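Residue 262 in my numbering is what sits at position 262 of the sequence shown, and the numbering runs on without skipping anything. Accompanying notes for the structure given below.
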Amino acid sequence: MTAAKPPGTFDVSVALVALGFTATVSQVVLMRELVATFYGNELLYGLALLAWLVWTAVGAGGIARYVDRTPRPQQVFAAGLAASLPLLALQLMLLRGIRQLLGVPPGAFVEFGDVLLVTLVIPVLFCPLSGFLFTLAVRLLVAAGGSAGQAYVRESVGAVAGGLLVSLVFIHWLDPFQTVLLASALCVIAAARVARSPGRDGRGAPTGDRARRPLGHLVRHGGLAVAGLLFAVAAGGFLNTATLRWQWPDLAAAVDSPYGRLVARSRAGQHVFFVNGQLAFESQSTFPEAVIHLPLLAHPDPRRVLLIGGGLAGDLREVLRHPVERVVTVEL
């Protein structure tokens, strides 16, 4: 029985870039989602990074030791890349529904023990797989004539690109599900390429059908990229809205910004706003009256007012009831 030919170095390199890209993007999205779900702080970031590193190491060092026993590593690698899409989507869905599973109402704080458990367990869906795939990709690249150093460089290029795009583009234009599905769609495209890889000849040139029709393969992969983008935007938008309603039954609107998630709930004419899961203000609250009128009435002749925060909550409205000349309001 002859051993299967390893895929070409270019195909594995593309897969490594896609893997690094997806891992970084999903890591950022996961940490932002944890903060939005549990109103987290620096401690939560540290726990999330710890869990990410530990579970990735489990996949890279523990599971990957069985790689040599599989007779078809190329197909296993392709299947693992393709599995990243449903696993990352499931990871976000579980995190969105975790407050209901724990019986915690919207806006209430979750106990630290539950936060710790969820933060350490949720990454198990993807991190061991990503660590395993990286180790397997290194072995495939070496078998195809590359080196382990080249594998690290390719994966790092994808990770840097993912970090830049998620910070500068995705956060501003896409919701979390769209971001994750778009990134993992790249892994699916790379999986299709690896699964059909014909290998390379002795000079490093592609063999088989891909060598004869490079333009056709370019058009095909371009079409797959466009299809992946459309799928991510459509399916991601639907999943994002549907899972947010798990957390917020009276959801009126939800917006993600670089600083967190703002959620608005509406019922019987009252609008309640939350920032990263914590109550920020409500439209029918009497709190602005107590905050504004007492200090202004204590002043003999208020003329200029600096209002730091609270303008949207009704503080500005109450200030303007006084005979002031100028109001400067700043929202942080």
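Backbone N, C-alpha and C fix where the C-beta goes; we use that ideal spot for every residue, glycine too. Small disclaimer: the values here were computed from a predicted structure and weren't measured.
Note to self: My assumption, with CB atoms under 8 Å, is that L16 sits in contact with G158. Please give the rounded CB distance.
What the structure shows: Indeed, because the Cβ distance is near 7 Å, the residues count as touching under 8 Å.
Check: How would you write the range of the alpha helix (DSSP H) that A192 sits in, first residue to last?
Finding: Secondary structure note for A192: its alpha helix (DSSP H) is the uninterrupted segment P176 to A195.
Next item on the list: Grab me the residues of D175's own chain with a C-beta within less than 7 Å of its C-beta, minus the 5 sequence neighbours each way, in chain order.
Entry: When the five nearest sequence neighbours on each side are left out, the beta carbons in the same chain lying within less than 7 Å of the beta carbon of D175 are those of G236, G237, N240 and D256, in order along the chain.
Note to self: Is the separation between the beta-carbon of G59 and that of F109 shorter than 8 Å?
What the structure shows: In terms of Cβ geometry, G59 and F109 do not form a close pair [threshold 8 Å].
Next item on the list: Kindly confirm or deny that the stretch 299 to 317 and the stretch 281 to 291 touch, where touching means at least three C-beta pairs closer than 8 Å.
Entry: Counting C-beta pairs with one atom in each stretch, the stretch 299 to 317 and the stretch 281 to 291 have three or more that are closer than 8 Å, which means they touch.
Notebook entry, point to check: Is it right to say Y39 is buried, meaning 16 or more other beta carbons lie within 10 angstroms of its own, or is it exposed?
Noted result: Counting the other Cβ atoms within 10 Å of the Cβ of Y39 gives 16 or more, which makes it buried.
Next item on the list: Have a look at P106 and H172 and give me their C-alpha separation to the nearest angstrom.
Entry: Spanning the alpha carbons of P106 and H172 requires a straight line of approximately 25 Å.
Notebook entry, point to check: From H322, R321, P323 and R304, pick the residue whose C-alpha is nearest to that of T329; which is it?
Noted result: Nearest in C-alpha terms to T329, of all of H322, R321, P323 and R304, is R304.
Margin query: So, at 7 Å on beta carbons, what are the nonlocal neighbours of E33 in its own chain, with the 5 sequence-adjacent residues on each side left out?
Written below: Residues L92, L95 and P176 of the same chain have their beta carbon placed closer than 7 Å to that of E33, with the five preceding and five following residues left out of the count.
Item checked: Beta-carbon proximity of F112 to A185, cut-off 8 Å -> In this structure, F112 lies away from A185, with their beta-carbon atoms at least 8 Å apart.
Next item on the list: Quick one: measure Cβ to Cβ for L47 and L120, integer angstroms, because I've assumed they're closer than 8 Å.
Entry: Indeed, because the Cβ distance is near 7 Å, the residues count as touching under 8 Å.
Next item on the list: Find out if the Cβ-Cβ distance for the pair G228, V188 is shorter than 8 Å.
Entry: Annotated as proximal: G228 and V188, with beta-carbon spacing under 8 Å.
Checklist line | Neighbourhood of V319 by C-beta, 8 Å cutoff - its chain only, sequence neighbours within 5 removed | finding: Counting only Cβ-Cβ distances below 8 Å, and skipping sequence neighbours, we find I292, L296, V305, L307 and V327.
Next item on the list: Return the chain-ordered list of same chain residues with a C-beta closer than 6 Å to the C-beta of V233, the five sequence neighbours on each side being excluded.
Entry: For V233, where only same-chain residues beyond five positions count, the Cβ hits under 6 Å are Q178.
Check: Which value, in whole angstroms, describes the spacing of the CA atoms of V35 and S283?
Finding: Rounded to the nearest whole angstrom, the C-alpha separation of V35 and S283 is 25 Å.
Next item on the list: Output the distance between the C-alpha atoms of F126 and A280, rounded to the nearest integer angstrom.
Entry: So the alpha carbons of these two residues sit roughly 33 Å apart.
Next item on the list: Classify P128 as buried or exposed, calling it buried when 16 or more other Cβ atoms lie within 10 Å of its own Cβ.
Entry: Buried: at least 16 other Cβ atoms inside 10 Å.
Checklist line | C-beta atoms of G162 and G20 nearer than 8 Å | finding: Cβ atoms of G162 and G20: closer than 8 Å.
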